[in-house]
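Numbers 0 to 220, taken from numbering that gives the first Met the number 0, label the letters of the sequence shown in order. One structure is given below, encoded as structure tokens.
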Amino acid sequence: MRIVAVADTHTYHHELVVPEGDVFVHAGDLCRRGQDLKELEDAADWIKDLPHRVKVVVAGNHDWMFVEEPGRARAILADRGIRYLEDSGTEIYGVTFWGSPWQPEFNAWAFNLPRGRPLAEKWALIPDTVDVLVTHGPPLGIGDANDYPGRHGCEDLLARVRQIRPKLHLFGHIHQAGGLWNYDGTTFANVTTWECERGPTVVRLEPSGAVGEVVPAARTR
């Protein structure tokens, strides 16, 4: 399975050159203001027209319509054959995926939760057997550094990932920290495209479940 993943397109998606693959994953922040359904419709039309057989979307902190008008927002994706994951999972060709949009509270964004118990309760929903985990935000200490002091990932997410050990964890949110890391049998990828400053990330899952070829995103500008 060849997975092509992006995040943080913020309505700049038409500028991306998207490689071929089996599954396309958008790890959140399709939109810019996020309160205009036309932004989502445009992004959804773009995803629909991509050649990948299966498309998966997780919302991000800019995607307010999934909070304010969840029924309409979900229908826009469903009508285009796109699988939306919000604390939910799907199986694709025998590979299990789970998606969640939450991140530690920062300013007045969508899908913000305080650190500690509120976030831990969301991560506890992740099943013990997941092959590919897709979250909008990163775990603590992995792909989570930006211009603000300190690290900005979620400690409780890291703890849950260490428990379940997915083969692959895809996320975005922190624009300055795109990249790939391998720890304890899990490949972590911050797949941000940062408004298309970077290209998509490509990961191949072998039939055994192991992560094979990985093509890190290149800068486009």
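Here a beta-carbon is modelled for each residue, glycine too, at the ideal position from N, C-alpha and C. A quick note: this is a predicted structure, and the numbers were derived from the prediction, not measured.
_Start and end residues, alpha helix (DSSP H) containing Ile163_ = Membership of Ile163 in the alpha helix (DSSP H) is indicated by the continuous run Glu154 to Ile163.
*Within 10 angstroms of its Cβ, does Pro103 collect 16 or more other Cβ (buried), or is it exposed?*
buried
*Rank Cys30, Asp41, Arg52 and Leu36 by C-alpha distance to the C-alpha of Val3 and give the top, closest one.*
Arg52
*Helix, strand or coil at Trp193 according to DSSP, with G and I counted as helix*: When secondary structure is reduced to three states using DSSP, Trp193 falls in the coil class, being assigned neither helix nor strand.
*Could you check the C-alpha separation between Phe96 and Leu132 for me, to the nearest Å?*
Their backbone Cα atoms lie some 6 Å apart in a straight line.
*asked:* Going by beta-carbon coordinates alone, are Pro100 and Glu90 separated by less than 7 Å?
replied: no
_Buried versus exposed call for Arg32 [16 or more other C-beta atoms within 10 Å across all chains shown]_ = exposed
*Just curious, the alpha helix (DSSP H) that Phe65 is in, first and last residue?*
Met64 to Glu67
*Output the distance between the C-alpha atoms of His9 and His172, rounded to the nearest integer angstrom.*
Cα to Cα, the separation comes out at about 11 Å.
*From Met0, Ala43, Leu36 and Glu19, residue whose alpha carbon lies closest to that of His12*: Ala43
*Which class does Gly33 belong to by DSSP, given the choice of helix, strand or coil?*
coil
*To which residues of the same chain is Glu19 closer than 7 Å at the C-beta, ignoring the five residues directly before and after it?*
Cβ within range, chain order: Pro50.
*Residue span of the beta strand (DSSP E) that contains Ala209, given as start and end*: Looking at the DSSP string, Ala209 is not in any beta strand (DSSP E), and its letter there is neither H nor E.
*So, using beta-carbon positions, are Ile125 and Arg159 closer together than 7 Å?*
When the beta-carbon positions are compared, Ile125 and Arg159 come within less than 7 Å of each other.
*Locate the alpha helix (DSSP H) running through Trp122, then write down its first and last residues.*
Arg116 to Trp122
*Arg150 versus Leu157, Leu139 and Phe170, residue with shortest Cα-Cα distance*: Of the residues Leu157, Leu139 and Phe170, the one whose Cα lies closest to the Cα of Arg150 is Leu139.
_Going by DSSP in three states, Glu90 sits in which element: helix, strand or coil?_
Glu90 falls in the strand class under three-state DSSP.
*Kindly indicate which three-state DSSP category Gly178 falls into: helix, strand or coil?*
strand
_Inter-residue spacing [alpha-carbon to alpha-carbon] between Glu194 and Ala6_ = 9 Å
_If you reduce the DSSP assignment to three classes, tell me which class Lys259 lands in._
Since the displayed the chain opens at 0 and closes at 220, residue 259 lies outside it and no answer follows.
*Ends of the beta strand (DSSP E) at Ile2?*
Arg1 to Val5
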